[in-house]
Amino acid sequence: MDNSTESSQLITDNSKGNEVKRLSNIPCIKWILFLAVLYTLYFAQSLIIPIVLTILIALLLSPLVAACKRIHIPRAISSIVLLSMLATPFTLITIELTEPAEKWAKLLPKLSLQVTEQFESISSSFEQQQQIEKQKSSPKKGLSLFDWFSNDDDANKQKNKSDTNVVTERIKQGGMEVIIEVISATPFILTQILTGIILILFLLIFGPNLFAAFVKELPNKKQQQKALDLVGVIQSQLSRYISTVSIINFVLGLSTAIALSIIGLEDALLWGVIVGVLNFIPYAGMIFGVCILALAGTVQYGFTVTVLIPIGAYLTLNLIESQFITPMVLGKNMQLNPLVVILWLLLCGWLWGLAGVLLSVPLLVCIKLVLTELGIWKNWLRIIEAGA
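Number 135 in my numbering belongs to position 116 of the sequence shown; there are no gaps in the numbering.
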């Protein structure tokens with residue numbers, strides 16, 4: 020009796036296991052799981068973005084901390100010194116750019132108001148021209164007593180004036196809303212920065228011991244060695260990629276600032292820093308840089324051909340960097356398919372905004388390295404590398 024009960028229980032358990040496997044192979048379940056992961060990444064962006072950024076910075080600094088450890092410098096001291104050396108230039112640049120950034124923050128609402136007024140004047144003149152043509156083409160009717168007292172032109176002028184006033188007030192209100200949002204978000208941003216610094220220090224100081232304890236828990240020597248090789252390759256390759264791209268973008272931003280300063284464009288250092296940061300965004304960063312320099316040139320020179328001079332200088336430097344320097348320095352191993360990069364940018368931008376766009380390419384490189392080392396999903400790996 021007991022044997023029959025146990026056998027029936029075993030059959031029931033096997034049937035449940037087969038049912039779970041059958042459900043997991045249904046495409047609908049896989050899509051539901053994919054969407055669940057996607058929306059989790061979307062709603063947890065305030066937690067995920069600082070963690071991803073701190074992990075990337077820790078990977079960048081970890082080889083230097085390990086080298087200091089080999090010459091008997093404690094990890095805590097080397098981590099604090101290296102992080103201070105990395106943060107000091109950014110702090111100095113931020114202090115230097117505070118004044119021009121505040122100037123442009125106050126100037127942008129006025130510029131948007133001027134542009135809107137220009138569009139309003141063009142639109143009103145176009146509407147008046149259409150009304151004149153309509154009056155010429157429409158047949159004349161007999162005059163009535165009310166036509167002598169009606170004044171359509173005054174009514175239209177009054178209406179256009181009221182519409183312009185509404186648009187102007189709305190733009191001013193929008194500018195104030197942006198300023199209020201920036202001020203209100205400042206404490207949250209400072210908190211995230213402080214949390215990120217603490218997390219980076221903990222990763223650099225205590226991360227290796229935690230990883231070593233994790234490796235010891237793996238069942239056999241082969242898996243332990245595979246885990247060590249995987250993390251070692253990802254750490255060295257990703258650190259090399261991030262440091263190389265950062266140096267290239269720094270040189271591009273500095274060269275652009277020098278070129279714009281020679282041309283005579285105001286706030287050249289600000290524009291150099293902006294185009295250097297935007298260059299972390301492949302393809303789209305160059306377009307944003309051109310638009311920003313076009314705006315800066317228009318403010319200083321007006322709608323003249325001189326606006327094209329700073330744009331041309333930036334495009335020349337960007338062309339040299341993207342077509343010659345970056346491919347030569349990074350080599351083919353780090354090249355990615357342009358269409359895959361654009362689609363990945365759109366996905367990360369939708370998930371995490373501007374921060375996701377800036378982090379998208381390092382994440383894609385990390386995914387590519389993991390797939391290469393593990394030898395899995397080779398079809399996806401070939402798609403990522405196709406045409407690179």
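Idealized CB from N, CA, C, for every residue including glycine.
Quick check: what's the CA-CA separation for L218 versus L78? About 12 Å.
Among the residues of its own chain, which have a CB less than 8 Å from the CB of L336, if the five just before and after it don't count? Only L271, S274, T275 and A278 meet the Cβ criterion.
I224 and A85: beta carbons closer than 9 Å? For I224 and A85, no; Cβs fall outside 9 Å.
Distance, Cα to Cα, I216 vs K387? Taking C-alpha positions only, I216 is separated from K387 by approximately 27 Å.
Does the segment 51-66 come close enough to the segment 231-242 that 3 or more CB-CB pairs lie under 8 Å? The segment 231-242, when compared against the segment 51-66, does not touch it at the 8 Å Cβ threshold.
What are the start and end residues of the alpha helix (DSSP H) that includes G394? For G394, there is no enclosing alpha helix (DSSP H), as DSSP marks it with neither H nor E.
Beta-carbon proximity list for F307, same chain, < 7 Å, skipping 5 on both sides: Take F307, set aside five residues on each side of it, and the residues of its chain with a beta-carbon closer than 7 Å to its own are L297, in chain order.
In or out: N80 buried (at least 16 other Cβ within 10 Å) or exposed? The question names Asn, but residue 80 is Leu in the sequence shown. L80 counts as buried, since at least 16 other C-beta atoms from the protein chains shown sit within 10 angstroms of its C-beta.
At the level of alpha carbons, what is the spacing between K122 and Y58? In this structure, the CA atom of K122 is about 38 Å from the CA atom of Y58.
Sort S65, L209 and S97 by Cα distance to L220 and report the nearest one. The shortest C-alpha separation from L220 is found at S97.
Taking only the alpha-carbon atoms, compute the straight-line gap between A380 and G368 and give it to the nearest angstrom. Checking the displayed sequence, the identity of residue 380 turns out to be Val instead of Ala. One C-alpha to the other measures close to 11 Å.
Which same chain residues end up closer than 7 Å to W363 when comparing Cβ atoms and leaving out the 5 residues on each side of it in sequence? Within the same chain, Cβ atoms closer than 7 Å to the Cβ of W363 are found at S379 and L383, the five residues on either side in sequence being excluded.
Which term fits E340, buried or exposed, when burial requires 16 or more other beta carbons within 10 angstroms of its beta carbon? With 16 or more other Cβ atoms within 10 Å, it is buried.
Use the C-beta contact count for L257: other C-beta atoms within 10 angstroms, 16 or more gives buried, fewer gives exposed. Counting Cβ neighbours within 10 Å, L257 comes out buried, since at least 16 surround it.
Helix, strand or coil, according to DSSP, for D248 in the structure here? D248 falls in the helix class under three-state DSSP.
Which ranges would you report for the alpha helix (DSSP H) in the segment 226-283 if only whole runs of at least 4 residues count? For the segment 226-283, whole alpha helix (DSSP H) runs of length 4 or above, ordered along the chain, are 240-282.
Give every residue of the same chain whose Cβ lies closer than 8 Å to the Cβ of V71, excluding the five residues on either side of it in the sequence, and list them in chain order. Once the five neighbours on either side are set aside, the close Cβ partners of V71 are L378 and L382.
Terminal residues of the continuous alpha helix (DSSP H) containing T325? The continuous stretches of alpha helix (DSSP H) do not include T325, and DSSP gives it neither H nor E.
According to DSSP, is Y58 part of a helix, a strand, or is it coil? Three-state result, Y58: helix.
Grab the span of the alpha helix (DSSP H) containing A86 for me, first residue to last. Where A86 is concerned, the enclosing alpha helix (DSSP H) stretches over Q64 to R89.
Is it buried or exposed for K159, if we count other Cβ within 10 angstroms and need 16 for buried? In this prediction, K159 has a pLDDT of 49, which is less than 50 and means its spatial position is unreliable; what the coordinates show is noted afterwards. Exposed: under 16 other Cβ atoms inside 10 Å.
Among L289, G372 and L358, nearest to D113 - alpha-carbon criterion: First, the residue type needs correcting, since residue 113 is Thr and not Asp in the sequence shown. Here the closest residue by C-alpha is L289.
Pick from H91, T263 and Y320 that is closest to M347, judged by C-alpha positions: Checking every option, the nearest Cα to that of M347 belongs to T263.
Would the beta-carbon of L355 fall within 9 Å of that of E392? Contact: no.
In three-state terms, what does DSSP make of A405? In the three-state reduction of the DSSP assignment, A405 falls in the coil class, being assigned neither a helical nor a strand state.
Measure the C-alpha to C-alpha separation of L127 and Q319 and round it to an integer number of angstroms. Near 13 Å, if we compare the C-alpha coordinates of Q319 and L127.
Reduced DSSP category for F299 - H, G, I as helix; E, B as strand; rest coil: F299 falls in the coil class under three-state DSSP.
Helix or strand or just coil, what does DSSP make of I339? The answer is helix: DSSP assigns I339 an H, G or I state.
Smallest Cα separation from L102: which of Q147, L213 and I67? Of the listed residues, the one whose Cα sits closest to L102 is L213.
Proximity winner among L390, L75 and I361, relative to Y302 (alpha-carbon distances): Nearest neighbour of Y302 by Cα position, chosen from L390, L75 and I361, turns out to be I361.
Just curious, the alpha helix (DSSP H) that P93 is in, first and last residue? Annotation: P93 is outside any alpha helix (DSSP H) and is labelled neither H nor E by DSSP.
Assigned exposure category for L106 - 16 Cβ within 10 Å defines buried: Reading the sequence as shown, one finds Ala at residue 106 and not Leu. Result: exposed.
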